[in-house]
Amino acid sequence: MLTQFILEILNELGTFSMDFLDAVLSNQTSSYKKLRRMITYGPFYHELFSKPKKLTLEEYRRLERQRFYNLLNYLQKQGLVAKHKEKEGRVSFWIITRKGKEKLEELKERQNNTLPKIKYEIKKEDELKIITFDIPEKERRKRDWLRQNLLALNFSPLQKSVWVGYSKLPEEFLTELKELSLLPYIEIF
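Position one of the sequence shown corresponds to residue 8 (the numbering used here), numbered consecutively onward.
Below, the structure is given as structure tokens:
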């Protein structure tokens with residue numbers, strides 16, 4: 008993510024000038040927005056968002072530079088970075104703020120905090136199981152992980168938070184629910 012990249016540079020160097028960032032990012036071929044679109048809409052996102060006009064290399068670089076400046080301004084409005092100008096000359100420097108360092112630590116922790124992989128053996132039972140859950144929004148990743156696992160265990164959604172199936176719930180799955188502190192939010196009938 009470009010935000011994390013910028014915050015890491017500022018955290019390591021303390022300050023940087025736009026000339027430095029232009030040099031570092033001049034070879035970047037895709038922006039964060041493009042990656043998000045590709046993940047959200049799949050391999051055909053070009054057809055949804057492409058413009059009929061082809062850009063020259065200079066126009067493309069100008070647009071990429073503008074996107075980057077927009078991101079820096081957004082980070083500045085969020086209080087994650089601060090801009091300092093020298094009194095004489097046109098050079099401006101960017102520094103990471105305390106809030107930016109906290110955000111960087113949060114991003115690193117989120118990146119390192121991976122959820123368990125889906126790896127369960129499916130065993131059928133005659134008894135229908137109903138699983139309901141009400142997991143808070145701040146635990147969205149865990150909620151999505153739970154939905155993926157329920158699909159892998161051949162459960163079907165009646166609603167987003169109500170699932171039914173005839174599969175036996177593996178012990179490893181229940182252990183992972185406990186380790187992820189999700190059991191208080193889940194009811195199994």
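Backbone N, C-alpha and C fix where the C-beta goes; we use that ideal spot for every residue, glycine too. Values in this document were obtained by computation on a predicted structure and should not be read as measured data.
With a cutoff of 7 angstroms on beta-carbon distance, residue 140 and residue 192 are scored as near each other. Taking the Cα positions, residue 158 is about 43 angstroms away from residue 61. In the structure shown, residue 134 falls within a strand segment according to DSSP collapsed to helix, strand and coil. In the DSSP assignment, residue 71 falls outside any beta strand (DSSP E) and within the unbroken alpha helix (DSSP H) covering 64-84. Only residues of its own chain outside the window of five on either side were considered, and among them 22, 99, 100, 101, 102 have a CB closer than 8 angstroms to the CB of residue 91, listed in chain order. The beta carbon of residue 122 sits closer than 6 angstroms to the beta carbons of 152 from its chain, once the five residues preceding and following it are set aside; these are given in chain order. Residue 90 is bridged by DSSP to 101. By alpha-carbon distance to residue 16, the top candidate from 107, 81, 132 is 107. Closest by C-alpha distance to residue 161, out of 18, 136, 110, is 136. Taking 7 angstroms as the cut-off, the Cβ atoms of residue 149 and residue 181 do not count as close.
In this structure, residue 110 lies near residue 87, with their beta-carbon atoms less than 7 angstroms apart. When the Cα atoms are used, residue 143 and residue 68 turn out to be separated by approximately 42 angstroms. No Cβ-Cβ contact shorter than 7 angstroms links residue 185 with residue 132. Residue environment for residue 63: exposed (fewer than 16 other C-beta atoms within 10 angstroms of its C-beta). Annotation: residue 77 to residue 112 spans about 23 angstroms, alpha carbon to alpha carbon. Taking every protein chain shown into account, the CB of residue 80 has fewer than 16 other CB atoms within 10 angstroms, so this residue is exposed.
Cβ-Cβ separation between residue 138 and residue 170: approximately 5 angstroms, consistent with a contact (criterion under 8 angstroms).
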